Amino acid sequence: IRPVGSDAEIDVDFRVISASHQDLEALVQQGKFRQDLFFRIHVMDLVLPPLRERGDDIILLAHHFIQKISQEWGIPSKQLTERSRNFLLGQYYPGNVRELRNIIERAMTLSDDEKIDLPNLQSAPLRYPVVSTIADQESTLIP
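For the sequence shown, counting from 1, position 55 maps to 55 in the UniProt record's numbering; every step adds exactly one.
Right, dumping it as structure tokens:
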């Protein structure tokens, strides 16, 4: 590369790691992504399913975030209850790992003891579609 204002060129060695949630090859075929750029960056495909499809990872990551946040805040670690683990496994996670971390951080803030239980996780309003009808909800919520 040549820095602005310089006559000297500098050798650089770097690797590019890129990610997309779209099928770039299909976008090239549709004329929506440059073919020359695709061939330059397309060395290897690594397909990582969304977090919601990796149940074992959800609990491992939740424990990791609990430990990390405990260290950062200088507080004792907390444990997930069975109900909280089941709740975490049932979430959609459109924000993937970042969203899970935010959920754990919020739960740690709201938890008054050494356990993270369901009420600590349910503090945020539901923002995602629920897979049930209003009639189902009424029969569950109204005695």
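Cβ coordinates follow ideal geometry from the N, Cα and C atoms, glycine included. Small disclaimer: the values here were computed from a predicted structure and weren't measured.
For K68, the three-state secondary structure derived from DSSP is helix. Spanning the alpha carbons of V28 and N120 requires a straight line of approximately 45 Å. In the DSSP annotation of this structure, the continuous segment of the alpha helix (DSSP H) that includes I41 starts and ends at Q35 to I41. Between the stretch 47 to 64 and the stretch 83 to 97 there are three or more inter-stretch CB-CB distances shorter than 8 Å, so the stretches are counted as touching.
Per DSSP, the continuous alpha helix (DSSP H) segment holding Q29 begins and ends at L24 to Q29.
Counting the other CB atoms within 10 Å of its CB gives D45 a total below 16, which places it among the exposed residues. P49 sits away from Y93, with the two beta carbons spaced by 9 Å or more. Distance from the CA atom of D57 to the CA atom of F65, rounded to whole angstroms, is 12 Å. Segment contact: the stretch 100 to 116 against the stretch 65 to 85, three or more CB-CB distances shorter than 8 Å; contact assigned.
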